[in-house]
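FYI, in my numbering the residues of the sequence shown are 453 to 607.
Built from N, CA and C at the ideal position, the CB exists for glycine as well.
Since the model is a prediction, treat every value here as computed from it, not as a measurement.
Notes follow once the structure below has been shown.
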Amino acid sequence: MKKRLKCGALALTLVLALGLLAGCGPATTGGGDEDPGSAPEETPQSETELLSGKHHVQIAVQDYGTITLELDADAAPVTVTNFVNLAQAGFYDGLTFHRIVPGFVIQGGDPAGNGTGGSDETIVGEFSANGHENPISHVRGTISMARSQDYDSAS
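Structural data, given as structure tokens:
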């Protein structure tokens, strides 16, 4: 149980970077009727088919282990759909945490391992400064997707 809580804490901001955040969903909200160990959800058939509800994904972090994340597509449907698709495709598996700031952030999800890259596709940032209402607060246990100064560059 402690390892699972520690995993949740380390998943605090798995793909958080530059202090510019586009939220995926709080891992601390609980709820949902799915078991994190259950079979993965179906991948949307097209880019326009967005997920809704709670989704659980697992990623295998090199030199750490497997982390299970709960994502809330009702709060950030574009971000969660993108994250679920990447996780199910194995994009994050085997990557490392390339930035660790104790008590603040861990950062991963970059194939280059240095914070300069991400997936080839970018998505719109789902946050108020970009015209999207988003109920997510970046508190302990929250994950986010990194982006550049361009609001629509999360990957």
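For residue i, three-class secondary structure by DSSP
i, result
"residue 521", "strand"
"residue 530", "helix"
"residue 580", "helix"
"residue 556", "coil"
Exposure label - residue i; buried when at least 16 CB within 10 Å
i, result
"residue 573", "exposed"
"residue 536", "buried"
"residue 566", "exposed"
"residue 530", "buried"
"residue 522", "buried"
Spatial neighbours of residue i in its chain, beta-carbon cut-off 6 Å, leaving aside the 5 residues before and after
i, result
"residue 549", "558 and 560"
"residue 512", "518 and 545"
"residue 552", "558"
Whole-number beta carbon distance between residue j and residue i, since they are thought to touch under 8 Å
i, j, result
"residue 547", "residue 514", "6 Å"
Beta-bridge pairing of residue i - partner residues as DSSP gives them
i, result
"residue 540", "None; residue 540 has no bridge partner."
"residue 549", "560"
"residue 511", "519"
"residue 575", "606"
Cutoff 7 Å; reference residue i; Cβ partners in own chain excluding five residues on either side
i, result
"residue 563", "547 and 569"
"residue 538", "544 and 571"
Spatial neighbours of residue i in its chain, beta-carbon cut-off 8 Å, leaving aside the 5 residues before and after
i, result
"residue 581", "603"
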